[in-house]
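Engineer: What follows is a structure written as structure tokens; I'll ask about it next.
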Amino acid sequence: TFFEATCTAPVNIAVVKYWGKRDTSLILPTNSSLSVTLSQDQLHSKTTIRASADFTSDRLWLNGIEESIEKNKRLVACLRETRALRAQIEAKDESAPKLSGLKIHICSENNFPTAAGLASSASGYACLVYTLSKLFELPLNASDLSIVARQGSGSACRSLFGGFVAWEMGEKEDGSDSRAVQVAPETHWPDLQALICVVSDEKKGTSSTEGMQLTVKTSALLQHRIKNVVPKRMEEMIAAIHNKDFPRFAELTMQDSNQFHAVCLDTYPPIFYMNDISRAIIRIISEYNKDGIKAAYTFDAGPNAVIYAPQQNMREIYAILSHYFPGHAFEDSLGLKKNDTVHA
Ligand code: DP6
Numbered sequence: 002t003f004f005e006a007t008c009t010a011p012v013n014i015a016v017v018k019y020w021g022k023r024d025t026s027l028i029l030p031t032n033s034s035l036s037v038t039l040s041q042d043q044l045h046s047k048t049t050i051r052a053s054a055d056f057t058s059d060r061l062w063l064n065g066i067e068e069s070i071e072k073n074k075r076l077v078a079c080l081r082e083t084r085a086l087r088a089q090i091e092a093k094d095e096s097a098p099k100l101s102g103l104k105i106h107i108c109s110e111n112n113f114p115t116a117a118g119l120a121s122s123a124s125g126y127a128c129l130v131y132t133l134s135k136l137f138e139l140p141l142n143a144s145d146l147s148i149v150a151r152q153g154s155g156s157a158c159r160s161l162f163g164g165f166v167a168w169e170m171g172e173k174e175d176g177s178d179s180r181a182v183q184v185a186p187e188t189h190w191p192d193l194q195a196l197i198c199v200v201s202d203e204k205k206g207t208s209s210t211e212g213m214q215l216t217v218k219t220s221a222l223l224q225h226r227i228k229n230v231v232p233k234r235m236e237e238m239i240a241a242i243h244n245k246d247f248p249r250f251a252e253l254t255m256q257d258s259n260q261f262h263a264v265c266l267d268t269y270p271p272i273f274y275m276n277d278i279s280r281a282i283i284r285i286i287s288e289y290n291k292d293g294i295k296a297a298y299t300f301d302a303g304p305n306a307v308i309y310a311p312q313q314n315m316r317e318i319y320a321i322l323s324h325y326f327p328g329h330a331f332e333d334s335l336g337l338k339k340n341d342t343v344h345a
């Protein structure tokens, strides 16, 4: 006999970026952040977990290839936390199946390139923790689960909710107040769409985890950002979302992406995530916005752009980007769906 659960989880793209940890093992951030969760049509992670008395060890397959679990401290932490919660249920209820002591096999897949700055760790860990919670029938809400997912990858805590999601940095040393909350559901602003421009699907040079701690160690600009910029920006961003004020939302998004990459440049030695194509996309969108803001760009720890815009502008933006980056795969522009992907 075995017990099994399968779930999928979406990608989220931050508009106020998380960059820097105050605790690297619990994954507690130096500032709050805010993201938009994308629909699962295009990008998602899918995980199946099976628990059985026949298994002799915990095992993990990522995109079909077996990986070591023991070496992965973050995965071990998520397993330990969820098993401990399951053990509490079993202690209280004699009739509950004894799952906490069983070995498990985890099979996880992304339908998009891993570690190319396309938030694969966010959807991956959100999916792992959510699937574990289903397997173990944990009575936790999404915000409680976000505390566990956060220990897999910081940005993963925000993928437990749809729509607009804040990760409140919290103050406590044990991390119990560092959790995700929903600012507004996806139905609040259906007109807002995301377009992902795949500039490169190669694995990035400096991982977010390493990069952000070098920034914490060396960047004076990060200290300014944490203290004087992000707290006010979080408030303004939440107001812009509540008011569905696209120009303000877009301005804050672009400014925050710019400051994140400025902080990377201020790191010593500097970290470069954007390339010439990324910068060309910034110039094109800035020109497009000359007479009024119609689109926002944002870049994570890689060269790929995500464009946020009202639905009515998306077809035009898609056409402009296809024009400037010809000879690439710009398939099916007529079938442009919410959260479409462009290969530049
Ligand atoms: C630039 O969540 O990947 O995408 O917590 O070390 O796993 P770890 O880092 P990760 O960092 C994401 C950084 C970012 C900004 C963001 O998503 O807020």
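Here UniProt numbering is used: the first residue of the sequence shown is 2, the next is one more, and so on.
Yeah, the Cβ is synthetic: ideal placement off N, Cα and C, and Gly gets one too.
#1: Exposed or buried, what is I227 when buried is set at 16 or more other beta-carbons lying within 10 Å of its beta-carbon?
#2: On the premise that S134 lies in contact with V12, defined as a C-beta separation below 8 Å, what is that separation, rounded to the nearest angstrom?
#3: Cα separation between A52 and E95?
#4: From the DSSP output, in three-state form, read off Y131 for me.
#5: Would the C-beta of K18 count as close to ligand 1, meaning under 7 Å from any of its heavy atoms?
#6: Drop a sphere of 10 angstroms on the beta-carbon of N111, count the other beta-carbons inside from all chains shown, and report buried for 16 or more, exposed for fewer.
#7: State buried or exposed for G293, treating a residue as buried only when at least 16 other CB atoms are found within 10 Å of its CB.
#8: Would you list the residues sitting across from residue 1 in a DSSP beta bridge?
#9: Mind reading off the beta-carbon distance from S10 to H45? Whole number of angstroms is fine, and I expect it under 8 Å.
#10: Measure the alpha-carbon distance for P271 versus Q214 and round it to whole angstroms.
#11: So, using beta-carbon positions, are V130 and L146 closer together than 8 Å?
#12: Could you tell me the alpha carbon to alpha carbon distance between G163 and A127, rounded to whole angstroms?
#13: From N290 to G303, what does the alpha carbon distance come to, in whole angstroms?
#14: What are the uninterrupted segments assigned as alpha helix (DSSP H) that are 4 or more residues long and contained completely in the region 187 to 249, given in chain order?
#15: By the DSSP assignment, the beta strand (DSSP E) with R23 in it spans what residues?
#16: What are the boundary residues of the beta strand (DSSP E) that includes N13?
#17: Could you compute how far the alpha carbon of T268 sits from the alpha carbon of Q260?
#18: By a C-beta neighbour count over all protein chains shown, 10 Å radius and 16 as the cutoff for buried, is G65 buried or exposed?
#19: What separation, rounded to the nearest whole angstrom, lies between the Cα atoms of I70 and P186?
#20: Please name the residue or residues paired with P311 in a DSSP beta bridge.
#21: Would you mind reading off the limits of the alpha helix (DSSP H) that contains R75?
#22: Tell me which same chain residues have a C-beta within less than 6 Å of the C-beta of S334, skipping the five on either side of it?
#23: Assuming A15 contacts L35 under a Cβ cut-off of 8 Å, what Cβ separation, rounded to an integer in Å, is found between them?
#24: Note down the Cα distance separating A117 from L141, rounded to an integer number of angstroms.
#25: Determine the direct distance from the alpha carbon of G21 to that of N229, and round the result to whole angstroms.
#26: Taking the alpha-carbon positions, what's the E82 to V149 distance?
#27: Just to confirm, does S156 get its C-beta within under 7 Å of one of the non-hydrogen atoms of ligand 1?
#28: Between which two residues does the beta strand (DSSP E) holding I105 run?
#29: Drop a sphere of 10 angstroms on the beta-carbon of A181, count the other beta-carbons inside from all chains shown, and report buried for 16 or more, exposed for fewer.
Structural biologist: Reading from the atomic positions:
#1: By the neighbour-count rule (16 or more Cβ atoms within 10 Å), I227 is buried.
#2: Between V12 and S134 a beta carbon distance of about 19 Å is seen, past the 8 Å cut, so the two are scored as non-contacting.
#3: Straight across, the Cα-Cα distance linking A52 with E95 is about 19 Å.
#4: In the structure shown, Y131 sits in a helix (DSSP, three-state: H, G or I).
#5: Yes; taking the cut-off as 7 Å, the Cβ of K18 has a heavy atom of ligand 1 nearer than that.
#6: In this structure N111 is buried. Its beta-carbon is surrounded by 16 or more other beta-carbon atoms within 10 angstroms.
#7: It is exposed - the Cβ of G293 has fewer than 16 other Cβ atoms within 10 Å.
#8: Residue 1 is absent from the structure shown; the chain starts at 2 and stops at 345.
#9: Residue identity check: residue 10 is Ala in the sequence provided, not Ser. Correct: roughly 6 Å between the Cβ atoms.
#10: Approximately 12 Å between the Cα atoms of the pair.
#11: At a Cβ-Cβ threshold of 8 Å, V130 and L146 count as neighbours.
#12: Here the C-alpha atom of G163 lies approximately 12 Å from the C-alpha atom of A127.
#13: Near 24 Å, if we compare the C-alpha coordinates of G303 and N290.
#14: Whole alpha helix (DSSP H) segments, 4+ residues: 209 to 219, 221 to 225, 231 to 243.
#15: 22 to 24 is the span of the beta strand (DSSP E), which, as asked, contains R23.
#16: Its beta strand (DSSP E) spans residues 13 to 17.
#17: Going by the C-alpha atoms only, they are around 12 Å apart.
#18: G65 should be labelled exposed.
#19: Take the alpha-carbon of I70 and the one of P186: they are about 35 Å apart.
#20: The secondary-structure analysis by DSSP pairs P311 across a beta bridge with L193.
#21: Boundaries of the alpha helix (DSSP H) around R75: 74 to 93.
#22: Model confidence at S334 stands at a pLDDT of 28, short of 50, so the residue's coordinates are unreliable; what they give is reported in the following sentence. Cβ neighbours of S334 beyond the five flanking positions: Y319.
#23: Contact flag correct, Cβ pair sits at about 7 Å.
#24: Interpretation of A117 is limited by its pLDDT of 49, a score under 50 that renders its predicted location unreliable; the figure taken from the coordinates is listed afterwards. Their backbone Cα atoms lie some 32 Å apart in a straight line.
#25: Answer to the nearest angstrom: the Cα atoms are 15 Å apart.
#26: So the two alpha carbons sit approximately 7 Å from each other.
#27: Yes - ligand 1 has a heavy atom lying nearer than 7 Å to the Cβ of S156.
#28: Looking at the DSSP string, the run of the beta strand (DSSP E) that includes I105 is 104 to 111.
#29: Buried, because 16 or more other Cβ atoms sit within 10 Å of the Cβ of A181.
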